[in-house]
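S.K.:
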Amino acid sequence: MRRLLLLALALALPSAASAQPGLGVKAKTGQGLYAEHCLSCHGVDGSGVTSASHPRGVLDVRGLGPPLKDVGALAADFYLTTGYMPLEDPHEQPRHTKSPFDKREIAALVAYVASFGKGPPVPTPHPERGDVSVGLSLFTEHCAGCHQVVAEGGYVTNAVAPPLHEATPVQIAEAVRVGPYLMPRFEKSQISDAQLDSIIAYVQWAKHPDDRGGWSIGRIGPVPEGLVAWLIAAVALVGCCVVIGRRVRQ
Amino acid sequence: MNALRRWAIALGVLALGRKQRRPRFADRPRIVPPGAPDPRAEWLVLGLLLGAAAAAAGFVVVYSFNHLSHQTQYLGLSLGLAFAFTAAALVVVAKRLVVTEELEEDYPVPGHPTTQEELEQLVAEGGDRFTRKRLLLTGAGAAAGALGAAVFVPALSLGPFLDTDALYETPWRRGRRLVDEHGKPFLLDELERETFYTAYPEGADKEEVGSPLVVVRFEPSELHLPAGRRDWAPGGVVAYSKICTHAGCAVALFRKPTFRPVEPGPALICPCHYSTFDPTRGAKVIFGPAGRPLPQLPLLLDRENGELLAAGNFSGPVGPSWWGVRSKAPRNPS
Amino acid sequence: MGRALESAEESVVIRGLVRFLDERSGTAPFVKKALRYVFPDHWSFLLGEVALYTFVILVGTGIYLTFFFEPSTASTYYAGHYAPLRGHEMSVAYRSAVDLSFKVRAGLLMRQTHHWAADVFVASIVLHMLRVFFTGAFRKPRDLTYYLGLTMLVFALLEGYLGYSLVDDLLSGMGLAIGYSVLMSVPFVGANLALLVWGAPFPGKAEFWSRMYVAHVFLLPILIATLLALHLFLVAARHHTQFRESRRTTEKKVVGIPTFPGYAPRSLGLFFSVAAVLFLLGGLVQINPIWLWGPYHIAQGTNGAQPDWYLGWLIGALRLVPNLDVTIGDYTLVPNAFWGGALFPLLVFMLLYLVPWLDRRATGEYGFRNLLDRPRDAPWRTALGAALFAWVFVIFLAGASDRVFVSFGISYVAQLWIYRVLVFVLPLAALIVTRRFCLALQESERLGQIRKQAEAEARGELPQTEQL
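Protein chains in written order, with the numbering used here: chain G, 1365 to 1614; chain U, 8 to 341; chain R, 4 to 471.
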């Protein structure tokens, strides 16, 4: 039933939109995708769905989601390229997954969401201009509490702060400005674009840091170290004892 | 060519010339029982020892390089292998080249009753001439106790043992400016919502337990501070001690919901044991092991330049709790 | 026929050496006795030796590190080659630890080997202790030996904690903050003790670093070495225990391999095995990459901070205890950190110290015990030991629940509640299952013997009366 209604909406909306001037071809397909995948939670034209604005039962849509009026291409690009959106269950934490959309579709959706209001565009960070040392400082100050100091991820009460292995420079720049899910949002007055470049440079560096100690075993410190101490060292040494000493006599 | 041949002969003699002399102690009974030689095991041991030598030499060579990538790995590998070869050689020696005897021996006697009695007697007789044993023992006890105390007492110089007032001291006082790491003052207008800041008292030691603050700005309507703290948050800005009241780690996590209807509320969290505090309600503990809220610092807005100042000291003692922690209010060092 | 393989020079050297030493020390009879000292042979008897040899490696690598490490909290700025730290404000202690890892050739190998050795040291002590417990080797006349060993374990934990705290990286600073808080939480005197040790409120006076350093490189190693010497002396004085295996091994007679020639190469071989494992790990597997953590500042923290494994049971306990302070109104009596951080380990060690006494009380055995029990021979002891172990182990596992959540997505809160239940359920289950299992083993053994006897009788042989 819900699907049928959505389909009907999806079919109805483009025709309504085509009457609007200034929307290109991209936005049209974007609009279609939006209607199909986003509208149930984010509402018509990104107006958002809160229990107040959209009491349950209307249109049989159970979605809940924030308004997208002025989030801009920046936020849309972040949520879509990371696969955070679309989200199956609005009560779940969005996770890094492969997006169901291809590049063109994402671009279309981003353009469409950007057309809702006057949001920021997709940023173009310059990590090559950043300084890894400054980046480590800033990262420890603002990010390590949740993401762990080598960006291996961590726990926040009721949520996971994801590891940043797969985060692209653009996504990092976006996340800092968006503050997805439970993450704080850092404006330029707090972290300037230049500082952001340094943070990105550090995160990029932390993907392949200086492991001169050898096998890195996760770079999260004592938990894997304890595992190695027991499962490799202790097992090996008990093995040596068994070889050297006598086993059971019969 | 000649030298080469001589070397070859020498090596051959070394390898093949197993000397078997007549036993020197043939006239006496053996201590270690005899066993058959095991030439193959000897070869094996020789091989292992040469392996150890090669690996150890490798260690020296690797060490002699100045900038070798993965030097630590090569060093560890060569030294580790040298030890491993040596261990293997010794195990082969133990299992195949020396006689493994199985000796019997009596366990030592449980005790020496006669000697024990003699010791008792010795001690008793040694003190025969004392007639006022009790009194003297009391005296000795007093001396020992006092001496013990005298020896122990200098250890109290290590720190202020009886005076724990230092634990209540913080550098915050009315009018002190909040500054960031680099000493830049915090202006109310520049503070964003949905994020957190770390602030320090201007001109004070940043590494003191009473210094660092975590600062968050909310809509004033979002705040539900405890009674009596109505005016502690000018412009909706709240400041708490950044040191967790549970185990002293820095409360370095700020959880900010993007979309309130489906996400948990804002919280300050300590990364050590995940004590979770609600900054909108005076840092009340909402999860985790902490037993009391983060102390709140009352703030003041400097109307002239918009800077944030402390309006006094914290609402309670900072840092991890102790017996009677809340019996005094925090104060400034005199 | 005796084939001695010795050359003339060899015998001259040996004779000369023996004479030289004997004429100056008069110890030839003692040395002869020592060389024929009997070691009962079983692989599990070697676990204590592993701990001993690990200690040797710890001392060796540790001495090397002291030549480069500067235990000072004086503030400095890093100006070395490692880019991510350049320009950072840090303590001299941290900078020197980074420098000895990067600039000193073989420095990182030594530091990593030292750290791995610390982890393995405690692990081998624990394994050794488990062996001693489950075979009843702690009974008279070896109860004193057991107490010494247990005390060494306490010192080893403290020694390890100080070791990784000294470096002053982000993790060690957080660890020190937790240690300070736990000490503060002790009823009545916690605040006094903490101020005494740290010299001032956290992070303490500059002298605190000298105190930690001298404790780590001098006081505790000397204490451990002294206890170790006493421990070994007592082992030798009472001889080693043995399993009841043949008619020859009895309470009165010990059977085994003499030190020379049989046992020495075995033991030396074990020493080199320990060295091999530790140096291979030290070179090939990265441990505590302090340069990645960065320096400690009081206002900073990293997610998932953990202590080394042997203190993991304490962080587990700290996280499991609900937020409970004992208070009268607003007057705090016992802060929360006390339960998990102080009371729990005190309780565990108290139980361990009471083991010989409890065992005597329970069994009513006050005599000498040179023969070991197999775990199944003492079902109650084995079951209670398994229960205690399960209790500590479950709390230990709880310490890693945040990393489990990040890696496997099992909700932290759910894990916490599961562990809170398991803390009570699992020891009980371990107790029941282990006891049943021991009894079943005994029973199957008895049946096997009866069957053997019956078969022997059926074949017309004399009935076997030997009871093993």
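Where is the CB? At the ideal position from N, CA and C, for every residue including glycine.
Quick check on the DSSP output: the beta strand (DSSP E) that includes U:Ala246 runs from which residue to which?
M.R.: Counting along the chain, the beta strand (DSSP E) containing U:Ala246 begins and ends at Val244 to Ser248.
S.K.: Name, in chain order, the residues that DSSP records as bridge partners for U:Leu220.
M.R.: Note: U:Leu220 sits in a beta bridge opposite U:Ala206 and U:Ser248.
S.K.: Verify the contact flag: R:Gly182, CB atom, against every heavy atom of the ligand HEM, threshold strictly below 6 Å.
M.R.: With respect to small molecules bound, the structure shown includes none, and the ligand HEM cannot be examined in it.
S.K.: I need the DSSP call for U:Val105, collapsed to helix, strand or coil.
M.R.: In the structure shown, U:Val105 sits in coil (DSSP, three-state: anything other than H, G, I, E or B).
S.K.: Note down the Cα distance separating U:Leu301 from U:Pro219, rounded to an integer number of angstroms.
M.R.: So the two alpha carbons sit approximately 12 Å from each other.
S.K.: Secondary structure at R:Pro261, three-state DSSP: helix, strand or coil?
M.R.: Strand.
S.K.: For G:Leu1444 and G:Leu1473, which I take to be in contact (beta-carbon distance under 8 Å), what is that distance rounded to the nearest angstrom?
M.R.: Right, their Cβ atoms sit about 6 Å apart.
S.K.: Do G:Leu1528 and G:Ala1537 count as a contact pair if the criterion is CB distance below 7 Å?
M.R.: Not a contact, by the Cβ cut-off of 7 Å.
S.K.: Looking at the strands, I want to know which residues DSSP matches up with G:Gly1429.
M.R.: Answer by DSSP bridge pairing, in chain order: G:Val1413.
S.K.: Per the contact definition of three or more C-beta pairs closer than 8 Å, is the stretch 92 to 110 of chain U in contact with the stretch 39 to 57 of chain U?
M.R.: Yes, since at least three Cβ pairs between the stretch 39 to 57 of chain U and the stretch 92 to 110 of chain U fall closer than 8 Å, the two stretches touch.
S.K.: Looking at chain B, which residues of the stretch 1565 to 1577 of chain G have a Cβ within less than 9 Å of any of its Cβ atoms?
M.R.: Although the question refers to chain B, the structure presented lacks it and instead comprises the protein chains G, U and R.
S.K.: Over the uninterrupted beta strand (DSSP E) stretch that includes G:Gly1518, give me the two end residues.
M.R.: Per DSSP, G:Gly1518 belongs to the beta strand (DSSP E) from Gly1518 to Val1520.
S.K.: Check whether the stretch 256 to 270 of chain R and the stretch 108 to 115 of chain U touch, using three or more Cβ-Cβ pairs below 8 Å as the test.
M.R.: The stretch 256 to 270 of chain R, when compared against the stretch 108 to 115 of chain U, does touch it at the 8 Å Cβ threshold.
S.K.: Just by C-beta distance, which residues in the stretch 212 to 236 of chain U are closer than 7 Å to chain G?
M.R.: Residues passing the 7 Å Cβ filter: none.
S.K.: Going along the chain, which residues of the stretch 85 to 106 of chain R sit with their C-beta nearer than 9 Å to a C-beta in chain G?
M.R.: Going along the stretch 85 to 106 of chain R in chain order, one finds Tyr85, Ala86, Pro87, Leu88, Arg89, Gly90, His91, Ser104 and Phe105 with a Cβ nearer than 9 Å to chain G.
S.K.: Report buried or exposed for U:Phe72, applying the criterion of at least 16 other Cβ atoms within 10 angstroms of its Cβ.
M.R.: So U:Phe72 ends up on the exposed side.
S.K.: So the beta strand (DSSP E) U:Phe261 belongs to, where does it begin and stop?
M.R.: That run of the beta strand (DSSP E) goes Leu260 to Arg262.
S.K.: Is it the case that the Cβ atoms of R:Asn306 and G:Gln1512 are separated by a distance below 7 Å?
M.R.: Cβ atoms of R:Asn306 and G:Gln1512: closer than 7 Å.
S.K.: Determine the burial state of G:Val1422: buried for a count of at least 16 other Cβ atoms within 10 Å of its Cβ, exposed for fewer.
M.R.: Low confidence applies to G:Val1422: its pLDDT is 48, below 50, so where it sits in the model is not reliable, and the reading given next is rough at best. G:Val1422 should be labelled exposed.
S.K.: By a C-beta neighbour count over all protein chains shown, 10 Å radius and 16 as the cutoff for buried, is U:Pro227 buried or exposed?
M.R.: Exposed is the call here.
S.K.: Taking the DSSP output, what are the residues bridged to R:Asp172?
M.R.: In the DSSP output, where bridge partners are listed per residue, R:Asp172 has R:Pro298.
S.K.: Should R:Tyr369 be flagged as near chain U, meaning a C-beta pair shorter than 7 Å?
M.R.: Not closer than 7 Å to any Cβ of chain U, the Cβ of R:Tyr369 fails to qualify, so no.
S.K.: Distance cutoff 7 Å, beta carbons only. Does U:Leu86 sit that close to anything in chain R?
M.R.: Answer yes: the Cβ-Cβ gap between U:Leu86 and chain R drops below 7 Å somewhere.
S.K.: Could you give the distance in angstroms between the alpha-carbon of R:Met155 and the alpha-carbon of R:Met353?
M.R.: Approximately 14 Å, taken between the alpha carbons.
S.K.: Relative to chain R, which residues along the stretch 99 to 125 of chain U have a C-beta separation below 7 Å, given in chain order?
M.R.: Listed by position, the residues of the stretch 99 to 125 of chain U near chain R (Cβ gap below 7 Å) are Val100, Ala101, Val105, Val106, Thr107, Glu108, Glu109, Leu110, Glu111, Glu112, Asp113, Tyr114, Pro115 and Pro117.
S.K.: Which residues, in chain order, does the stretch 137 to 170 of chain R contribute to contact with chain G at a C-beta distance below 8 Å?
M.R.: The residues in question: there are none.
S.K.: Taking only beta-carbon positions, decide if R:Pro292 is within less than 7 Å of chain G.
M.R.: Chain G contact via Cβ: present.
S.K.: Rounded to a whole number of angstroms, what is the C-alpha to C-alpha distance between G:Gly1577 and R:Gln115?
M.R.: So the two alpha carbons sit approximately 8 Å from each other.
S.K.: Checking the sheet assignment: what are the DSSP bridge partners for G:Trp1579?
M.R.: R:Val288, per the DSSP bridge assignment.
S.K.: Could you tell me whether the Cβ of U:Ala64 comes closer than 7 Å to any Cβ of chain R?
M.R.: Chain R, which has no Cβ nearer than 7 Å to the Cβ of U:Ala64, makes this no.
S.K.: State the DSSP-derived secondary structure class of R:Gly81, mapped to helix, strand or coil.
M.R.: The amino acid at residue 81 of chain R is misidentified as Gly; the sequence shows Tyr. The answer is coil: DSSP assigns R:Tyr81 none of H, G, I, E or B.
S.K.: Which runs of the alpha helix (DSSP H) spanning at least 4 residues fall entirely within the stretch 1445 to 1501 of chain G, listed in chain order?
M.R.: Segments of the alpha helix (DSSP H) lying fully in the stretch 1445 to 1501 of chain G: 1467 to 1478.
S.K.: Identify the contact partners of R:Ala403 in chain G, using a Cβ-Cβ distance below 7 Å as the criterion.
M.R.: Neighbours of R:Ala403 on chain G, chain order: Val1587.
S.K.: For R:Phe352, name the three-state secondary structure that DSSP assigns.
M.R.: In the structure shown, R:Phe352 sits in a helix (DSSP, three-state: H, G or I).
S.K.: Looking at the secondary structure, which residues open and close the beta strand (DSSP E) in which R:Phe191 lies?
M.R.: That residue, R:Phe191, is in no beta strand (DSSP E); it is neither H nor E in DSSP.
S.K.: Would you list, in chain order, the members of the stretch 182 to 206 of chain U that have their beta-carbon closer than 7 Å to a beta-carbon of chain R?
M.R.: Those residues of the stretch 182 to 206 of chain U that come within reach of chain R (Cβ to Cβ, closer than 7 Å) are Thr205.
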